[in-house]
Amino acid sequence: MVFDVPAESGGALSVLIDFYNDYKNDKNNKYIFIVSKPLLTDFPNIKVLRFPWIKKSWLHRLYFDMFIAPKLVKKYEVDEILSLQNIIIPFVKIRQIVYVHNSLPFVEYRFSIFNDRLLWLYQNLLSKGIYRSIKRADKVIVQTEWMKEACVEKLYIDKEKIEVKPPKIEIEVKRPYKRTNESLKTFFYPASGLPFKNHKLIIDACLKLKEEGLIDYDIVFTLNGNENKNIASLYRIVKENKLPVTFMGKLSREKVFEYYSKSSLIFPSYIETVGLPLIEAKMHGTPILASNCNFSHEVLFDYTQKKFFNPFDSSELFKLLKVQLFS
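Quick note, the sequence shown lines up with residues 14 to 340 if you use the numbering used here.
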């Protein structure tokens, strides 16, 4: 039985789809997928059970996890559980595998309850459920070596218990990066508006560039400018200072790939498990300016078109941007 009720979009949904596609071809076993809203199709060896009401609130999710999930395991006489949602299923005594893809409990950066209450809650309270699950699970799957090392170091568990399974990235590169005067002056950052995505660092670097009279470039965000108070504040700063930053809104996958072919990737995020744009840009041969973090070093270790900067020091990014603009 495969549990993944949180998955609805983005990386979490991609992980769910990857396992779903793999198991479709397994004729020796039968699988039951427990999801919320994704519209997965039944197959001869796969049954899909949908519970969209889970998404109504955290209380609905908690009720499902504590009462409905164990009953489903018992009802269908399951032999093994694969949880793709960072935590194991409670009150069951069969073999469990947990897939941990949330890095918040393992990063050094600590969120403030005053500035980022939800992230603080996740990092300080909900993380305890992830720790317990990792310890109690029969097997743990993570996406990267740094996550494996972090689990072993923090929780003192046997490293043999943990399997590293990198996410499958299957894309067709139609247009690889091409170096032109325009591409050298265009910088792209495909990311949501969460605080740790760190758009502010880019804006601060842009303000420093403006102080030196450098405005002949373009930075592209996949934001509208009204995602939250933090992003709205940055949007106002951009407009008031007439910075060359474009808020493009959400882009199609094809459009994102197009930008990889005609711009450099800036990636100041300091909390990721993998950092999917890093992998995608690398596959396109795109120049990358990335935060100096464990995940970025692991993804880009064999890539030559990369430079790293401190994600908490805008002057470092400012210097890298300045060098590229004069190259």
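By construction, the Cβ of each residue, glycine as well, lies at the ideal position given by its N, Cα and C atoms.
| field | Among Val233, Leu75, Asp39, Ser282, the one whose alpha carbon lies nearest that of Phe200 | value | Per the Cα distances, Val233.
| said: Among Leu214, Ser340, Phe280, Val258, whose alpha-carbon lies nearest the alpha-carbon of Phe325? | reply: Here the closest residue by C-alpha is Leu214.
| Quick one: is Thr54 buried, meaning 16 or more other Cβ sit within 10 Å of its Cβ, or exposed? | Exposed, because fewer than 16 other Cβ atoms sit within 10 Å of the Cβ of Thr54.
| query | Apart from the five residues on each side of it in sequence, which residues of its chain come closer than 6 Å, Cβ to Cβ, to Val91? | reply | If we look at Val91 and ignore the five residues flanking it on each side, its Cβ neighbours are Met14.
| said: For a quick check, are the C-beta atoms of Pro203 and Pro290 less than 8 Å apart? | reply: Against a cut-off of 8 Å, the Cβ pair of Pro290 and Pro203 comes out as a contact.
| CB contact flag (Val18, Ile94, <8 Å) | Val18 places its beta carbon 8 Å or farther from that of Ile94.
| field | Option nearest Val105 by Cα separation, candidates Val120, Leu220, Val86, Asn41 | value | Selected option, being the one with the closest Cα: Val86.
| Length-filtered (3 minimum) beta strand (DSSP E) runs lying within the region 224-271 | If we require 3 residues or more, the beta strand (DSSP E) runs fully inside the region 224-271 come out as 231-234, 258-260.
| query | Just reading off the beta strand (DSSP E) that Lys60 is part of, what are its end residues? | reply | From DSSP, the beta strand (DSSP E) with Lys60 extends over 59-63.
| Gln337 - containing alpha helix (DSSP H), residue span | Start and end: 327-338.
| said: If you reduce the DSSP assignment to three classes, tell me which class Phe209 lands in. | reply: Helix.
| message | If you reduce the DSSP assignment to three classes, tell me which class Glu93 lands in. | response | Assignment of Glu93 by DSSP, reduced to helix, strand and coil, places it in the strand class.
| Can you tell me where the alpha helix (DSSP H) with Lys50 in it begins and where it stops? | Neither: Lys50 is in no alpha helix (DSSP H) and is coded neither H nor E.
| message | For Phe270 and Ile292, what's the separation of their Cα atoms in angstroms? | response | Each residue's alpha carbon lies about 12 Å from the other.
| query | In terms of residue numbering, what span does the alpha helix (DSSP H) encompassing Ala294 cover? | reply | Ala294 -> alpha helix (DSSP H) spans 289-297.
| query | Do the CB positions of Asn254 and Gly206 come within less than 8 Å of each other? | reply | Gly206 sits away from Asn254, with the two beta carbons spaced by 8 Å or more.
| Neighbourhood of Tyr33 by C-beta distance below 7 Å, restricted to the same chain and skipping five residues each side | Here Tyr33 has Phe46, Leu53 as same chain residues with Cβ atoms under 7 Å from its own Cβ, once five neighbours each way along the sequence are excluded.
| request: Spell out the partners DSSP gives Gln109 in its beta bridges. | output: The partner list for Gln109 (beta bridge, DSSP) reads Ile94.
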